[in-house]
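**Q**
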Amino acid sequence: MPTREHEIPLRLVQNQPALAPVLVRALGFEIPRHTEVVNTNTALTNCDPRELNADGAVLLRDGPRNVMAVVVERQNGRDKEKRLTWPAYLVNLHTRLECPTLLVVLCPTDSLASWCAAPIRTGHPGFDLAPLTIGPSRMPVIARDEQARELPELAVLSAHAHGNSDPRTLRAVVEALDSTPERNRAFYYDYVLSGLNEAAREELEGLMAVETYEWQSDFARKYVGIGREEGREEGREEGREEGRAAEAARSVLSVLEARGFTVSDEVRRRVEGCADLATLEKWVPAAVTVDRPEDLLD
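Note that my numbering numbers the sequence shown so that position 118 is 1074, with each residue one more than the last.
Shown next, in the form of structure tokens:
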């Protein structure tokens, strides 16, 4: 069953395909001139016997011309069978798009990244695949506000990987969250928190306080529930619980919809009708991992 640790890095690439060439460049490879970066079909099967679906696939174009394709995989464990499919992904995508094709594997630990990087021997001379892998130590460090605003999804990956050791990435990710569409903010924030130790969590939560920033992050008011007296009533820390519950309910529905679920009228009615703030605050992170919206209510 896909987990949050598996899904969210892939959703970051899906939401911002320009992440893929940035990650490839971080590995020391040249990126060809291109004018567009788009998601492409992840079904990489040529014929019927076995369906092969990559976690993600991104296409770089220069005008009408395909100049590079990147298969993006998220690997959370030592799955030997999965590794055996990776050469097929590249060959099939190369055949379909007729351009150079690379494989990038995102890993939660450096030891797993090292394991995934071992060459996959096909037996044909010169036709072995050495996957390009990125663990925490190879994830780019995004520490400046302008970098975070330019590519918020990369700032999220950076803060998740480096937030425990580099507080600059936490400051940058707050700026990134304020710059990304509202529908993505809740589960981006939750993913960053999931990678932090207690001290870093407290640091990030402190940064989210509106008093820390003159611009008074709208996201901080909405999701963390901190706000000034003159702020929006739903976001006040000292405001009415009814307003905070309504905002939490909107966060739950936003996360579910951002993950691609169609929220039924019944689920929407029960979430919006819930007045218990403690329950809603549990539902916000749970919405990131459930297999169906209905599972929230079980």
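Note that beta-carbon positions come from the ideal geometry of N, C-alpha and C, so glycine has one too.
May I have the straight-line CA-CA distance separating residue 1048 from residue 1248, to the nearest angstrom?
**A** 31 Å
**Q** With a CB to CB cut of under 7 Å and the five nearest residues on each side skipped, what residues in its chain are close to residue 1241?
**A** 1146
**Q** Bridge partners of residue 1090, per DSSP?
**A** 1062, per the DSSP bridge assignment.
**Q** Give the DSSP bridge partners of residue 1076, in chain order.
**A** BP columns for residue 1076 point to 1085.
**Q** Taking only beta-carbon positions, decide if residue 1046 is within less than 8 Å of chain C.
**A** The structure shown contains no chain C, having only a single protein chain.
**Q** With three or more beta-carbon pairs closer than 8 Å as the criterion, would you say the region 1096 to 1115 touches the region 978 to 989?
**A** yes
**Q** For residue 1087, count the other beta carbons within 10 Å of its own beta carbon; 16 or more makes it buried, fewer makes it exposed. Which is it?
**A** buried
**Q** Thinking residue 1025 and residue 996 are a contact (beta carbons under 8 Å), I'd like their distance in whole angstroms, please.
**A** 7 Å
**Q** What does the alpha-carbon distance come out to for the pair residue 1075 and residue 1068?
**A** 14 Å
**Q** If you measure between the beta carbons of residue 1212 and residue 1243, is that distance less than 8 Å?
**A** yes
**Q** Find out if the Cβ-Cβ distance for the pair residue 1132, residue 1156 is shorter than 8 Å.
**A** no
**Q** Looking at the strands, I want to know which residues DSSP matches up with residue 1017.
**A** For residue 1017, the beta-bridge partners assigned by DSSP are 992, 1022.
**Q** My output table needs one value for residue 1136: the three-state DSSP class, helix, strand or coil.
**A** In this structure, DSSP gives residue 1136 a state outside helix and strand, which the three-state scheme calls coil.
**Q** What residue range does the alpha helix (DSSP H) around residue 1010 cover?
**A** Here residue 1010 belongs to no alpha helix (DSSP H), and DSSP marks it neither H nor E.
**Q** Within the continuous alpha helix (DSSP H) that includes residue 1112, where are the two ends?
**A** Element bounds for residue 1112: 1108 to 1118.
**Q** Got a sec? Which residues, its chain only, sit under 6 Å from residue 1118 by beta carbon, not counting five neighbours each side?
**A** 1097, 1125
**Q** Go to residue 980, then tell me how far its alpha helix (DSSP H) extends in each direction, as first and last residue.
**A** 975 to 982
**Q** What's the gap between the Cα of residue 1251 and the Cα of residue 1019?
**A** 44 Å
**Q** With distance defined between alpha-carbon atoms, name the residue in 1109, 1227, 1077, 1206 nearest to residue 1148.
**A** 1109
**Q** In chain order, what residues of the same chain have a beta carbon less than 8 Å from the beta carbon of residue 1220, not counting five sequence neighbours either side?
**A** Closer than 8 Å at Cβ, skipping near neighbours: 1249, 1250.
**Q** Using a Cβ-Cβ cutoff of less than 8 Å, which residues in the same chain neighbour residue 1237 once the five nearest sequence positions on both sides are dropped?
**A** 1204
**Q** In whole angstroms, what separates the C-alpha of residue 1235 from that of residue 1043?
**A** 46 Å
**Q** For the ligand HEM, is there any heavy atom lying closer than 7 Å to the beta carbon of residue 1239?
**A** Of the ligands one can find in the structure shown there are none, so the ligand HEM has no counterpart to examine.
**Q** With H, G and I counted as helix, E and B as strand and the rest as coil, what does DSSP make of residue 1041?
**A** helix
**Q** Where does residue 1030 fall in DSSP's three states?
**A** Secondary structure of residue 1030 (DSSP, three-state): strand.
**Q** Report the rounded CA-to-CA distance for residue 1208 versus residue 1062, giving the unit in angstroms.
**A** When rounded, the distance between both Cα atoms is 27 Å.
**Q** Kindly indicate which three-state DSSP category residue 1196 falls into: helix, strand or coil?
**A** Its pLDDT being 48, under 50, residue 1196 is placed unreliably in this model, and the coordinates cannot settle the point.
**Q** Which same chain residues, not among the five before or five after residue 1127, have their C-beta less than 7 Å away from its C-beta?
**A** 1163
**Q** Given that a residue counts as buried once 16 or more other Cβ atoms are within 10 Å of its Cβ, and exposed if not, what is residue 1027?
**A** Residue 1027 comes out buried.
**Q** Please report the distance separating the alpha-carbon of residue 988 from that of residue 1023.
**A** 7 Å
**Q** Considering only the alpha carbon of each residue, which of 1035, 1052, 1102, 985 lies closest to residue 1135?
**A** Ranking 1035, 1052, 1102, 985 by CA distance to the CA of residue 1135 puts 1102 first.
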